[in-house]
Amino acid sequence: MSSLLIFILVLTFGVIPLALFVYWFRYKHTILQKSAYVILFSTYIIAITSFIVGRYGINNLLWYIPVGYLVLLIGNRFLTWYVQKPIKSTTEVLDKVAEGNLDVTFDEELRNRKDETGQMDIALEHTVNNLRESVEFARQIGEGNLDYDIKLLGDNDHLRKALLEMKNKLKEAAKIEEEKRKEEEKRRWHNEGLAKMNEILRQDYKLEDLAYKIINFFVDYLGANQGGIFVKSESEDDELVFDLKAAYAFDRRKYINRSFKPGESLVGTCAIEKEKIHMTEIPDDYIRITSGLGDANPGSLLLIPMKVEDEVLGVIEIASFKNFEDYEIEFVEEASLSIASTLQASETNKRTKELLEKTQQQAEEMSAQEEEMRQNMEELKATQEEATRKAQENEKQLSEAYKYQKELEEKLEKAYQKIRELEKE
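All residue numbers for the sequence shown refer to this note's numbering, where the first residue is 11 and numbers rise by one.
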């Protein structure tokens, strides 16, 4: 057996397997494993050619050089294919990602490699996908979709922690802004309602018409179903009662005659306690809301006293299937103050008008009496003047009669003298 064959056998079945085992054990699933295989193969060929040159003479150097270059070329190609190409591909992707470009693709063949380059591609792909998810999350948040969520990749995921913190702050700011908007809408609704109510109160209506306009407005503006207004008055036996002046339900006027004494039913209770009553559990026999679909108990009942200072002038009662919100109740309470002031002013004007009419009537009666007295005085004066004239005439007649009597007495005296003279003769 020749020495060349022995050398090849030793290398092939002794050194090479041992080297392959060491490389596999030491560099398993690494890029160095494949690089070592290429170097081992190149070294194997160069060792054989070197043995041939050394064993068979320098003349073999002529073909040793091209063989060596060929081996180096092949080894370089293998290194380029197994090492440089995947690293270059990964570097190109990293450069694009560093520029902010996430529209990158990954070589499926490289991803399936078991060495570091495959692991790098897989890790880089996960990184890009995570960045895409973060970008999508930021885009959704930017468009106002604050319910869009993203999961943390770990305790050290600072980017997503910052994004989630930003989302929470935006959500909190949006919540505050929404609350402000709702409060502003409530204030606008409140102010518009008061303005409309004041417009109704400024009109010159009779009490029944005014009550109907008010309860009609409340039912429509609150989105309720029916309601009524009770106003304080005195019954025929001079007892204090609260009469139903107007009732409204389902766009039609309801003509109902009802009166409650203070403390009687919820209306009387509200009047005597001078506080609002808001009920969400209504007794079955208290009130029913009737519609085209039938009748049913309301879901909420609201009674508000109309008071000026500490005097209750009436009660507003509103029933609805829906529950009344706090701001709606506050609106009715504030509006009730204006209504109570209007009722008080209306009652004052009514009394003033009655007193004025009574005063005018009395003035007219006094004027008539004065005229009658004046006529009587004139008649009395005329009578007095007539009496004076007659008295003067009578006095004149008496004076003339007295004078005539004097003359008669003188004549009679003269006649007596003559008689006495005649008797003496």
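For every residue, glycine included, the Cβ atom is placed at its ideal position computed from N, Cα and C.
Membership of Asp-214 in any beta strand (DSSP E) is not indicated, and neither H nor E is assigned to it by DSSP.
Pairing Ser-310 with Phe-334 gives a Cβ-Cβ distance under 8 Å. Residue pairing by DSSP leaves Gln-385 without any beta bridge partner. Here the alpha carbon of Lys-185 sits roughly 12 Å from the alpha carbon of Glu-193.
Ser-310 sits in a strand when the DSSP states are folded into three classes. Residue Ile-349 holds the alpha-carbon nearest to the alpha-carbon of Glu-319 among Asp-131, Ile-339, Ile-349, Glu-146. By the criterion of at least three beta-carbon pairs nearer than 8 Å, the stretch 240 to 252 is in contact with the stretch 266 to 282. Between Val-322 and Lys-216, the C-beta gap is not smaller than 8 Å, which leaves the two residues out of contact. Per the DSSP secondary-structure output, His-288 pairs in a beta bridge with Leu-312. Counting along the chain, Val-322 sits inside the beta strand (DSSP E) bounded by residues 321 to 330. Looking at the backbone, the Cα of Thr-279 and that of Val-325 are separated by about 10 Å. In this chain, the alpha helix (DSSP H) harbouring Leu-276 covers 275 to 283. About 10 Å separates the beta carbon of Gly-237 from that of Ile-314, a gap too long to meet the 8 Å contact definition.
With respect to Phe-147, Leu-169 sits apart: the two C-beta atoms are not nearer than 8 Å.
Annotation for Asp-253: the continuous beta strand (DSSP E) segment containing it runs 250 to 259. The beta-carbon distance between Leu-134 and Thr-100, rounded to whole angstroms, is 6 Å. This is short enough to meet the 8 Å contact definition.
For Ile-239, the enclosing beta strand (DSSP E) stretches over residues 236 to 244. Pairing Leu-141 with Leu-112 gives a Cβ-Cβ distance under 8 Å. Contact check for Lys-286 against Ile-339 passes: the beta carbons are separated by less than 8 Å. Remark: C-beta atoms of Glu-188 and Ile-160 do not approach each other more closely than 8 Å. Collapsing the DSSP output to three states places Lys-317 in a strand.
For the pair Val-107 and Val-138, the CB atoms are nearer than the 8 Å cut-off. In this structure, the straight-line span from the alpha carbon of Gly-154 to that of Lys-171 is close to 19 Å.
When rounded, the separation of the alpha-carbon atoms in Leu-104 and Ile-132 is 13 Å. The alpha-carbon separation between Val-229 and Ala-221 amounts to approximately 12 Å. For the set Glu-182, Met-130, Gly-164, Asp-165, the Cα lying nearest the Cα of Ile-151 is the one of Glu-182. Counting other Cβ atoms within 10 Å of its Cβ, Gly-203 reaches 16 or more and is therefore classed as buried. One Cα belongs to Leu-211, the other to Thr-352, and the distance between them is close to 7 Å.
In the structure shown, Phe-334 falls within a coil segment according to DSSP collapsed to helix, strand and coil. In this structure, the beta-carbon distance from Ala-256 to Ile-239 falls below 8 Å. For the pair Gln-407 and Glu-420, the Cα-to-Cα distance works out to about 19 Å. Partner residues in a beta bridge of Ser-356, as assigned by DSSP, do not exist. Using a Cβ distance threshold of 8 Å, Leu-156 and Lys-190 do not count as a contacting pair.
Residue pairing of Ser-269 in beta bridges, as defined by DSSP: Asp-253.
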